[in-house]
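Residue numbers (mature numbering (1 follows the signal peptide of the UniProt record, and there is no 0)): -30 to -1, 1 to 889. We treat Cβ as the ideally placed atom computed from N, Cα and C, and that holds for glycine.
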């Protein structure tokens, strides 16, 4: 035994000895990959890469990603959300798109490089790109950082594609983040925090939608630990089978699988077992996870609920491992403050602080603290007393009655009340806002330093000085008393309000008359009454409330300002209060346009005709005309020549054509509509459905309303459906492959096609234009026969070259190759253009008449049991299995000219391109 082997064996014995004394809980944690503190370099010295502990110095926001081919949820990284994600889509099941991000945690100087490699068996079923920062690009072979922190993140996005095929189970995609390299400012390698360490890898699994399987949704929401202020204390996820089993299928739910939830300290799931039958396999069963209050300061806890392997007498459903579910538990210990307003409405702020409004005081202090008190408590249990010291920028407009509040480890979760009251500044300066703020002082660094304190905005109503009566409302609403810049606002048909309060108790009723300056835009009561019971009162039922009704005038008039004029009051107080300012936001449009249907090439059938209806939203006194025209596109672009015949070039609206209110949102129903029908143009290209635009342009006119530049209408996009057979892309692989395409043969060639496509060629599933054998040898794996088993061409389809992105480089119009004949073939000796560069060679296994070829130089390989030895034995071998130095031969093509292919044999150790055909 040599020295290296001795060292490796000794370490193995030491490892096994330690293992015997480890408790086997069956739990997992993020630290499970670390091997008793052995250094990463030492592990590599032993050749055991799998045991290298990944470094916690680099954050990977999600290391294990689960995608579904038919997922309906998208996940984008968002550090401000408790889950770290922003979700989109229907969110009923799993992820179709998921983004994870990488960034170094500790400061460093110079630069940090992390090597990246991607290994995938999914082909085009999973697309991967670098999504941030900047535009999406292919994942690079190296990430370079010059600073640390989440703002420096670089992100990868993974997107699933549903290929509608049942696929074999393969290992997950792996994004390997290699050994990190630190460099100084001059670019020289140096030692530092990250040197020689490995960042954690990323695993991406894909759930096949087209065979037996278990579909598992995400947790329905981020949960909160139970508490008086918590409302979302549980979440659910659902599970169903994808296909009907022949027998019952059972699986377990293990909520303590993750050490984070040991002893159910974060949550508990029920039920613990699910059973699906032949009758209910398609009905989702809910698993509920209830949050548990662990009374610890631990922020948002993330843990995994395991969905166990299935058991069933149905062999297709026995032993399937469904994906696990990630659960987010928002602790009431999340640092920050919870508040309750005077009206019992509640909320909370986190480490970033926040601004809170809907409070009021008055300068004569008749309201007292009725509308300005609030209660506070901490959201986390502090390690030391936390004292809040309050202050304000109110000047002489307020008195703080609660200068400090102190929270301890025993009362941190109990509300304490803060009060502020109004104060006279002896000036008629008008209503204004002021801010209440506080500073937290504590030996607890979280509250002393980390958490930003919220601020509270209070409306000060100026009812001192000569203001015997004064309009008043709460902060957060427009002042409405300071002129045109800050008006009470509502959309037509809505309401707004403000109250009239007094400087002191009037002793008897005071009536204030009110009028609107524009009753077509808004109305108010004829008067309001201030009494001895409501002079310091701002409630919805008070007779001192001024309710503004913003009129729906059914006219296009944009936003219109109007005022509420107050009269000299009568009764116990004689005073003319200041006016109130308002505005009404319009909800009508100049034009209403509806589009129905799409067009199809070479068809005028009603089902293949698009219709555009246009109605006027405002009343016109003059004739209004709208020009209708196909948008202009440059020749050779995808949309060129797609727009065909328009039934009219002008829509004419006589005077008085305003649509009835009931038809405004459904113009097609209006008798006053004007209509244009559109037919698609025909071309000879298999270009699929193409969008084009029909421009709608209002012509110049002298109408009092429609002469306005604001009176415009939107152009309409219409889809023209193709009438040619399907068009499919073809490219040559960007790497060369030997004749042995792994044990999968032609299927291995397909994977090479999908994993080595030219830049800019995205989406779709491709297979290699390659044949395995004549069909006679049963030992050939994964056969492919021209116009037979697993063939890649379809009769009548148009095939075109696609060597990069862009319509000019990838379309049946610009780069056609052939239309497959009735035998699903073509003539390689008579092409309009080359597949790739002249002189390129491709493994095909065929002659240039598309016949499976035999090679004269093929050896016999005696004793190997192989009947068909040609074409690298169906591209499974490059040599005889029993003799590594006896090589097989296969058939290849050469792009001999721009228009012709030649065919020849080649030794299977040679590397050649593949011709890849979209399916």
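- For residue 864, the uninterrupted beta strand (DSSP E) segment begins and ends at 859 to 865.
- Three or more beta-carbon pairs separated by less than 8 Å are not found between the region 500 to 514 and the region 659 to 673, which leaves the two stretches without contact.
- Residue 597 is bridged by DSSP to 620 and 667.
- When the five nearest sequence neighbours on each side are left out, the beta carbons in the same chain lying within less than 7 Å of the beta carbon of residue 591 are those of 625, 673 and 674, in order along the chain.
- Sequence-distant partners of residue 492 (beyond 5 residues in either direction) whose C-beta falls short of 7 Å from its own C-beta, in its chain, are 486, 518, 519, 520, 521, 532, 552 and 554.
- Contact between residue 237 and residue 263 fails: their C-beta atoms lie close to 10 Å from each other, not under 8 Å.
- Bridge partners of residue 583 according to DSSP: 564 and 645.
- Here residue 627 is near residue 642, since their CB atoms are less than 8 Å apart.
- Inclusion of residue 629 and residue 640 in the CB contact set at 8 Å is warranted, their separation being smaller than that value.
- By the Cβ rule, the region 453 to 463 does not count as touching the region 354 to 365, because fewer than three pairs are nearer than 8 Å.
- If you check the CB distance, residue 562 and residue 526 do not come in under 8 Å.
- Listed in chain order, the beta strand (DSSP E) elements of length 3 or more contained wholly in the region 167 to 241 are 172 to 177, 184 to 186, 204 to 211, 219 to 224 and 237 to 240.
- Residue range 716 to 725 is occupied by the alpha helix (DSSP H) that includes residue 718, with no beta strand (DSSP E) assigned at that position.
- In this structure residue 769 touches residue 700 by the C-beta definition: roughly 5 Å separates them, less than 8 Å.
- Residue 427 and residue 550 do not touch by the CB rule: their CB atoms are close to 21 Å apart, not below 8 Å.
- Non-local beta-carbon contacts of residue 587 in its own chain, meaning distances under 8 Å to residues more than five positions away in sequence, involve 526, 558, 559, 560, 561, 562, 628, 629 and 634 in chain order.
- Spanning the alpha carbons of residue 480 and residue 50 requires a straight line of approximately 52 Å.
- Contact between residue 126 and residue 89 fails: their C-beta atoms lie close to 14 Å from each other, not under 8 Å.
- Excluding five sequence positions before and after residue 246, the CB atoms of its chain that fall closer than 6 Å to its own CB belong to 211 and 219, given in chain order.
- By the C-beta criterion, the region 315 to 327 is judged not to be in contact with the region 364 to 379, since fewer than 3 inter-stretch pairs fall below 8 Å.
- Here residue 797 is exposed, its C-beta having fewer than 16 other C-beta atoms within 10 Å.
- Within the model, the alpha-carbon separation for residue 180 versus residue 724 is close to 20 Å.
- Taking the C-beta atoms as reference points, residue 109 is found nearer than 8 Å to residue 99.
- Taking the Cβ atoms as the reference, residue 42 lies roughly 7 Å from residue 61, within the contact range of under 8 Å.
- The straight-line gap separating the alpha-carbon atoms of residue 439 and residue 432 is approximately 9 Å.
- With contacts defined by Cβ atoms closer than 8 Å, residue 476 and residue 542 form a contacting pair.
- Between residue 159 and residue 112, the C-beta spacing is not below 8 Å.
- Annotation for residue 840: the continuous alpha helix (DSSP H) segment containing it runs 840 to 845.
- For the pair residue 726 and residue 425, the Cα-to-Cα distance works out to about 56 Å.
- The three-state secondary structure of residue 878, taken from DSSP, is coil.
- According to the DSSP assignment, residue 287 belongs to no beta strand (DSSP E), since it is labelled neither H nor E.
- Ranked by Cα distance from residue 510, the options 528, 609, 482 and 443 are led by 443.
- Counting only runs of at least 3 residues, the region 775 to 812 fully encloses the following beta strand (DSSP E) elements, listed from N- to C-terminal order: 786 to 789.
- Under the 10 Å beta carbon count, residue 684 is surrounded by fewer than 16 other beta carbons and is classified as exposed.
- Counting along the chain, the unbroken beta strand (DSSP E) around residue 532 starts and ends at 530 to 536.
- Distance check between residue 622 and each of 589, 584 and 601 places 584 closest, using alpha-carbon atoms only.
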